[in-house]
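In full-length UniProt numbering, the protein residues as written are 1 to 608.
Backbone N, C-alpha and C fix where the C-beta goes; we use that ideal spot for every residue, glycine too.
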Ligand code: F6R
């Protein structure tokens, strides 16, 4: 899950490569590098760590050349050091790669036997040496790539430069995404349209197995069989404006505060506010009455959105839902009924496991519906139906606004399913839609708890472990709260169904452990509170998140109570997500971690 870019330019390309890499840093930030053709040789600049280190290096040691490739890395094979940074090159060829070459050990051994000297621990370097071996045997660059690609097992998107070839770049994709950008007398390669946005809006998305030979004026795409393939040039709507932090310290803070607005935008897309009814933007190519079962698949935070939606589909539409972590879905050989519905949730639309699960579901004859934030993504392009979240670009690695917008779309879909199946009457629909329409206002009110949360975060920041508890839809929100905290503050945190605590995890509770109890005043409130009291009896430091009536009933047992506005009980997770996100954000921010780009993570996970 690295980002790659290539430019066949009419002028110097180094600065433009770096500019594109800035848009790709969400894919990884362990190291970065660029390579250009200078005279008759390939020149590289690479740096460990964030892109700004590479920028400094290039400023001190400028790189000329009108053709170049660039890379931002999320380390898979080999430490995130400079010598493992891409591009990887021999004297004749330079390569940037996103993906994993699974048979790199065999290839490396074979190439070493024939005299190749390796300078890194990466899987990628074998690609450079493999192509080089064919070049040395007299192949043209095109034939060398054609001969090399079938020998690579695994996933890859590649951009390749050749010594002395100032009007040539070759790209290839299998598993990992790659797009061609068409400029005026220039040609580009990029992991996505976002990287290419400042260069062009004319994009050709390569299909799996495609490879392409580019010069400044045209691009020829070949399919796996080596036959010339016709691939459309489409106009991308991706904005070239680099999103900034406005007046916030971090993108995450800005994105948390954008939620009233983006939830409102997303809602307006899925409900008819005037008529208080659900109005999906398109007709669905299946009938909810003919669906026996829904499977929901996603990763991480998107998976928790799916987990919450399971409660909604089952209750509102009486439709059984099976939930899968995407990396497990296609390997567990679950029985599937042709014609059932498979739902996929992804902010980026590029998550490798979710994409593979989508392809698997299609192969099993299921209807596929995806909820994605990036409209031009592979998952969006390959799904039977796409429902977009209108969260806008989410830059902070920890997902916040995309999560609540996913919940909004899922809520509208569950109501539509309930209505179509006759489980919800017209007046039920009106009540539910009214409850949804109120959410932006309630989220604004929830944001008002920020000063109190900032103070509480001082305590959390000193903890070693934090527990999150909830019942019903607050259970997956507890899981999300724990994930949010650990990924940006590096404090260990775990979420539990409140009723599960006494089956083991309660052993963790002592005076040093903050326990965040998510307890809206719903039909499970009393039960959650009993579990909270079990924690209080053992000295746990309780932070209760509830509304005014909940607080009036029980806040004496809590160290602190975060009071949220009163609301209907069905859609509470969309509003209760706010304090959960703020608590993680302020804890991490106090601890001084890299909130927007936490260690070891990347925004888009394009490897299995
Ligand atoms: C956590 C987080 C991740 C993502 C997960 C799926 O804050 O952002 O857990 O939710 O990697 O990513 P997408 O939604 O892009 O498929």
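Inset, instruction - Compute the distance between the beta-carbons of residue 524 and residue 541, then report whether it is under 8 Å. - result: Mapped onto the chain shown, residue 524 falls at position 524. Mapped onto the chain shown, residue 541 falls at position 541. Their beta carbons are not under 8 Å apart, which means residue 524 does not touch residue 541 by this criterion.
Inset, instruction - State yes or no: is the C-beta of residue 254 nearer than 7 Å to some heavy atom of the ligand F6R? - result: Indexing the chain shown from 1 puts residue 254 at position 254. No.
Legend entry - Beta-carbon contacts of residue 377 that lie in its chain and below 7 Å, excluding the five residues immediately before and after: Along the chain shown, read from residue 1 onward, the residue named residue 377 stands at position 377. Once the five neighbours on either side are set aside, the close Cβ partners of residue 377 are 348, 349, 350.
Inset, instruction - Please check the pair residue 555 and residue 521, which I expect to be a contact at CB under 8 Å, by giving their CB distance rounded to whole angstroms. - result: For the purposes of this step, residue 555 is identified with residue 555 of the chain shown, where counting begins at 1. For the purposes of this step, residue 521 is identified with residue 521 of the chain shown, where counting begins at 1. Not a contact, Cβ separation roughly 12 Å.
Legend entry - Enclosing beta strand (DSSP E) for residue 547 [first to last residue]: What you label residue 547 is simply residue 547 of the chain shown in a count that begins at 1. Residues 541–547.
Inset, instruction - Give the C-beta separation of residue 406 and residue 389 to the nearest angstrom, bearing in mind that I take them to be a contact with Cβ-Cβ under 8 Å. - result: As a working note, residue 406 is residue 406 in the chain shown. As a working note, residue 389 is residue 389 in the chain shown. With 8 Å as the limit, residue 406 and residue 389 qualify as a contact, their Cβ atoms being about 6 Å apart.
Inset, instruction - In the DSSP assignment, find the unbroken alpha helix (DSSP H) run with residue 451 in it and report its ends. - result: As a position in the chain shown, residue 451 is number 451, starting the count at 1. Residues 450–460.
Inset, instruction - In angstroms with no decimal places, state the Cα-to-Cα distance between residue 454 and residue 536. - result: On the chain shown, position 454 is the one that residue 454 refers to. On the chain shown, position 536 is the one that residue 536 refers to. Each residue's Cα considered, the two are about 23 Å apart.
Inset, instruction - Spell out a yes or no on whether the segment 39–53 and the segment 169–181 are touching, meaning 3 or more CB-CB pairs, one atom from each, closer than 8 Å. - result: no
Inset, instruction - Over the uninterrupted alpha helix (DSSP H) stretch that includes residue 388, give me the two end residues. - result: Reading the chain shown from its first residue, position 388 is the one you call residue 388. Taken as a continuous stretch (DSSP letters only), residue 388 belongs to no alpha helix (DSSP H), being part of the beta strand (DSSP E) at 385–388.
Inset, instruction - Determine contact between the segment 572–583 and the segment 441–460, defined as no fewer than three beta-carbon pairs at a distance below 8 Å. - result: yes
Legend entry - Bridge partners - residue 514, DSSP secondary structure assignment: Indexing the chain shown from 1 puts residue 514 at position 514. Residue 514 is bridged to 541.
Legend entry - Cβ-based neighbour list, residue 534, same chain, cut-off 8 Å, excluding 5 preceding and 5 following: Against the chain shown, residue 534 aligns to sequence position 534. Correct list, in chain order: 501, 502, 506.
Inset, instruction - Look up residue 411 in the DSSP assignment and say whether it is helix, strand or coil. - result: In the chain shown, residue 411 corresponds to position 411, counting from 1. In the displayed model, residue 411 falls within a helix according to three-state DSSP.
Legend entry - Beta-ladder partner(s) of residue 211, from DSSP: Numbered from 1 along the chain shown, position 211 holds the residue referred to as residue 211. Note: residue 211 sits in a beta bridge opposite 172, 222.
Inset, instruction - Check whether the Cβ atoms of residue 317 and residue 414 lie closer than 8 Å to each other. - result: Residue mapping note: residue 317 aligns to position 317 of the chain shown, counting from 1. Residue mapping note: residue 414 aligns to position 414 of the chain shown, counting from 1. Less than 8 Å separates the beta-carbon of residue 317 from that of residue 414.
Legend entry - Residue interval of the alpha helix (DSSP H) (run including residue 131): Counting from 1 along the chain shown, the entry for residue 131 is found at position 131. 125–136 is the span of the alpha helix (DSSP H), which, as asked, contains residue 131.
Legend entry - Nearest neighbour of residue 494, chosen from 206, 468, 125 [CA to CA]: Sequence index remark: in the chain shown, residue 494 carries index 494 (1-based). Of the candidates 206, 468, 125, the one whose C-alpha sits nearest the C-alpha of residue 494 is 468.
Inset, instruction - To the nearest angstrom, report how far apart residue 421 and residue 102 are at their CA atoms. - result: Translated into positions along the chain shown, residue 421 becomes position 421. Translated into positions along the chain shown, residue 102 becomes position 102. When rounded, the distance between both Cα atoms is 47 Å.
Legend entry - Boundaries of the alpha helix (DSSP H) in which residue 301 is found, first to last residue: On the chain shown, residue 301 is found 301 positions in, with the first residue counted as 1. Looking at the DSSP string, the run of the alpha helix (DSSP H) that includes residue 301 is 300–317.
Legend entry - Member of 191, 513, 497 whose CA lies at the smallest distance from the CA of residue 28: The count along the chain shown starts at 1 and reaches residue 28 at position 28. Nearest option by C-alpha distance: 191.
Legend entry - Contact check, residue 466 vs residue 491, beta carbons under 8 Å: Within the chain shown, numbered from 1, the residue matching residue 466 stands at position 466. Within the chain shown, numbered from 1, the residue matching residue 491 stands at position 491. Here residue 466 is near residue 491, since their CB atoms are less than 8 Å apart.
Legend entry - Best match in 23, 90, 357, 306 for proximity to residue 330 [C-alpha to C-alpha]: Position 330 of the chain shown, counting from 1, holds the residue named residue 330. Selected option, being the one with the closest Cα: 357.
Legend entry - DSSP bridge partner residues for residue 89 (one or two, in chain order): The count along the chain shown starts at 1 and reaches residue 89 at position 89. The partner list for residue 89 (beta bridge, DSSP) reads 94.
Inset, instruction - Enumerate, from N- to C-terminal direction, the unbroken beta strand (DSSP E) stretches of 3 or more residues contained entirely within the segment 244–299. - result: 294–298
Inset, instruction - On the DSSP bridge assignment, give the partners of residue 370 in chain order. - result: Reading the chain shown from its first residue, position 370 is the one you call residue 370. Partner(s): 344, 386.
Inset, instruction - For the beta strand (DSSP E) containing residue 43, list its first residue and its last residue. - result: Along the chain shown, one-based indexing puts residue 43 at 43. First-last of the beta strand (DSSP E) with residue 43: 41–48.
Inset, instruction - For the beta strand (DSSP E) containing residue 31, list its first residue and its last residue. - result: Indexing the chain shown from 1 puts residue 31 at position 31. 31–38 is the span of the beta strand (DSSP E), which, as asked, contains residue 31.
Legend entry - Euclidean distance between Cα positions of residue 69 and residue 88: Here residue 69 refers to the residue found at position 69 of the chain shown. Here residue 88 refers to the residue found at position 88 of the chain shown. Between residue 69 and residue 88, the C-alpha separation is close to 11 Å.
Inset, instruction - Would you give the residue range spanned by the alpha helix (DSSP H) that residue 19 belongs to? - result: Within the chain shown, the letter at position 19 stands for residue 19. Looking at the DSSP string, the run of the alpha helix (DSSP H) that includes residue 19 is 14–24.
Legend entry - the segment 18–32 contacting the segment 191–208, beta-carbon criterion three pairs below 8 Å: Verdict: yes, contact present.
Legend entry - Backbone secondary structure at residue 81 - three-state DSSP: Looking up residue 81 in the chain shown gives position 81. Coil, per DSSP.
Inset, instruction - Could you check the C-alpha separation between residue 605 and residue 352 for me, to the nearest Å? - result: In the chain shown, the residue the question calls residue 605 occupies position 605. In the chain shown, the residue the question calls residue 352 occupies position 352. Answer to the nearest angstrom: the Cα atoms are 6 Å apart.
Inset, instruction - Could you check the C-alpha separation between residue 231 and residue 215 for me, to the nearest Å? - result: Numbered from its first residue, the chain shown carries residue 231 at position 231. Numbered from its first residue, the chain shown carries residue 215 at position 215. Going from the Cα of residue 231 to the Cα of residue 215 covers about 16 Å.
Inset, instruction - Decide if residue 159 is buried, meaning its Cβ has at least 16 other Cβ atoms within 10 Å, or exposed. - result: For the purposes of this step, residue 159 is taken as the residue at position 159 of the chain shown. It is buried - the Cβ of residue 159 has at least 16 other Cβ atoms within 10 Å.
Legend entry - With 16 other Cβ atoms within 10 Å as the buried cut-off, status of residue 363: One-based indexing of the chain shown puts residue 363 at position 363. So residue 363 counts as exposed.
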